[in-house]
Amino acid sequence: MGAGEFDYVVVGAGSAGCVLAARLSEDPQVRVALVEAGGVDSDPAIGVPADLFALFGSAADWAFGTVPQPGLGGRSVPWPRGKVLGGSSAINFQMWIPGHHADFDTWGPEWSWAVVEPYFRATESWTGEPGSGKTYGTSGPLKISPPRDPDPLNARFFAACAEIGLSEVAGGLGGGDPTGTALTPLNQHDGARWSSADGYLRPALDRPNLTVVTDALVRRVVIEDGRATGVETADGVLTATREVLLSAGAVGSPHLLLLSGVGPADDLRAHGIDTVVDLPGVGANLRDHMSVSQVVTATGDFPLADAYSEANRERYDRERRGPLTSNFAEAVAFARLDGGPGAPDVEIIFSPVAFGADGPAPGFGFTVVPLQPESTGRVSLASADPTRAPLIDPGYLTAEADLPTFVRALRFSERLFDTEAFKPVVRGPLAPWPGKVDDDALAQTVRDLASTMFHPVGTCRLGRDGDAVVDPELRVRGVAGLRVVDASVIPTPPRGHSHAVVAMLAERAAGFVREARRRPPRAQIREEK
Ligand SMILES: Cc1cc2nc3c(=O)[nH]c(=O)nc-3n(C[C@H](O)[C@H](O)[C@H](O)COP(=O)(O)OP(=O)(O)OC[C@H]3O[C@@H](n4cnc5c(N)ncnc54)[C@H](O)[C@@H]3O)c2cc1C
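If you're matching positions, the sequence shown starts at 856 in the numbering used here and goes up one per residue.
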């Protein structure tokens, strides 16, 4: 199906789009279309947690890449993004970590932690032992589970963390302050990935008022007399009598606005696109987390080194247990580099197996993530042709503070190798990690190895200032009937992982849309004129 008339057209069936489509279609009077460029999520690798690497470069991945990054010695960084029902939640690492309350307090009063916390809880369904989920919700659509068969080495990680002063996170990772250590809460159920499509979309699929269109690239938003009236695909226009909701992600949503004439007028003109609204913030303020992994070989048992064996595959197929249920990121620590109070500024993700150039090997590693990078970049048009990927320039390490902060973060986590818990088992660094080197060499290692942590945000930033693209209710400035609801509205990366934040904001946005429905739709307004 390529055309038709609906009340709402949602573009992108990812973390946000699945939430919107499900929530809005709860009202049987409302006709909702969900349009997705990718296909149905039938690839078996989507379900098997440890198979996530097989999804990179597959049909379920846009397989973007950044433009060459001067801060990284001219390297381009691969940028996977989900292109399938479930979007990036169908190919991600399944980690559910909402962030720190201070992240949200800076978004403005409509999005303070006190306001958003109930929306996090509304999305969540903790499936672990009662009480062990601490603050998580228990009746939302997104299943959150502890690692199903956690590796015994996680205990050694916690012991090492305790030696450097990091203890178990007090209120649970979802409680607004993730400082401390924890097993990673995962979007899994019974040993399988649980994406936004699983949690939100699938239970809504048999509603007669919900139309899901897959394999349909939206080419632009149709804007008439200052109002969004639908979206254009190769097969025709899907008309929206009330609102168009862009949930195409941190790359897709700014790209679509630019293709639709909403963006910096000079850039649009350069590509022969008529300006509908001169909005310089579109595509700007691209922010992302980066990571570097410190990996060592070690002595001991490493069941995950053999994760992909035939025996493990059979076991998984039989009972959904064993190493294939692992996302290889089974425990985390959040800390402040100065050891003081306040919000954490580094995350250390523990992998109980060594990932080197040849895949999993006996050993283990820390993936180190500075949580508040200052570098910003931009998503911009490469071409007016909607089938051509936009230019992605995250501006990695362009802010002066980011490289020294990265070096400090790596020094901080390096201490874990020297603890009583780890020292006796460490054999040596696994390439490309060079092991202990001086500060200059460590800075060079960051330039050589740093990669995306997959959390791009900010390209349609919310706010009240002149550079904001959407207002606090996520309405695009200067265009009626158009909102952006996805990672692109998040001003700065949260001190956590972005999927949970996107699910929360889509739940809240569904409320904004429902509220606006009480006002007359476009057709009635026209009649009244
Ligand atoms: C490899 C990887 C690992 C990650 N690991 C984690 C993790 O462990 N924990 C975590 O919290 N976060 C993680 N993230 C990030 C998290 O998954 C994303 O922040 C989140 O899913 C973004 O949600 P979204 O709705 O903004 O976009 P997406 O979920 O990416 O959805 C956008 C959807 O829009 C569709 N689309 C785009 N353009 C168009 C168009 N023109 N027409 C039609 N459809 C279009 C896309 O195909 C996609 O389905 C990871 C991401 C990746 C890629």
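Glycine residues also receive a C-beta, built at the ideal position from the N, C-alpha and C atoms.
Item	Value
Under the three-state reduction of DSSP, which class applies to F1205: helix, strand or coil?	strand
Is Q949 near ligand 1, going by C-beta to nearest heavy atom under 7 Å?	yes
How big is the Cα-Cα spacing for A1378 and A1095?	Confidence at A1378 is low in this model, with a pLDDT of 48, below 50, so the placement of that residue should be treated as unreliable; the coordinate-derived value is given next. Cα to Cα, the separation comes out at about 11 Å.
Using CA coordinates, which residue listed in Q924, D1122, D898 and G920 is at the minimum distance from R913?	Looking at the sequence provided, one finds Ser at residue 913 rather than Arg. When only C-alpha atoms are compared, the closest one is D898.
Quick one: residues in its chain with C-beta nearer than 7 Å to the C-beta of A858, no 5 flanking neighbours on either side, listed in chain order?	D1090, G1091, V1092 and L1093
I'd like the list of long-range same chain contacts for S1306, defined as Cβ closer than 7 Å, with 5 residues on each side in sequence excluded.	V932, M1145 and S1146
Go ahead and label L1028 buried or exposed: buried means 16 or more other beta carbons lie within 10 angstroms of its beta carbon, across all protein chains shown.	buried
Using a threshold of 7 Å, is the CB atom of S944 nearer than that to any non-hydrogen atom of ligand 1?	yes
Measure the alpha-carbon distance for F861 versus E972 and round it to whole angstroms.	32 Å
Tell me whether L1056 sits in a helix, a strand or coil according to DSSP, three-state version.	helix
For the alpha helix (DSSP H) that W968 lies in, which residues bound it at each end?	W968 to T978
Look at the alpha carbon of Y1251 and the alpha carbon of D1161, and state the distance between them as a whole number of angstroms.	35 Å
What do you get for Q949, buried or exposed, if any count of 16 or more other CB atoms within 10 angstroms of its CB means buried?	buried
Would you decide whether F1391 is buried or exposed? Buried here means 16 or more other CB atoms lie within 10 Å of its CB.	Examination of residue 1391 is not possible in this model, given that the chain is present from 856 through 1384 alone.
If you check the beta carbons only, do G1158 and C1315 fall under 8 Å apart?	Note on residue identity: the sequence assigns Pro, not Gly, to residue 1158. The answer is no: Cβ separation not under 8 Å.
Quick check on P1249 - is its C-beta less than 8 Å from some C-beta in chain D?	Of the protein chains in this structure there is only one, and it is not chain D.
Nearest to N1167 by alpha carbon, out of V903, F1221 and L1038?	V903
With S1235 as the anchor, note down where its beta strand (DSSP E) starts and where it stops.	R1233 to S1235
If you follow the alpha helix (DSSP H) that Y1171 is part of, which residue opens it and which one closes it?	E1165 to E1174
Around the Cβ of K1278, are there at least 16 other Cβ atoms within 10 angstroms (buried) or fewer (exposed)?	exposed
What does a CB cutoff of less than 6 Å around G1054 pick up in its chain, not counting 5 residues either side in sequence?	P996 and L997
Going residue by residue through the stretch 1017-1069, where are the continuous beta strand (DSSP E) segments of at least 3 residues, counting only ones entirely within it?	1035-1038 and 1065-1068
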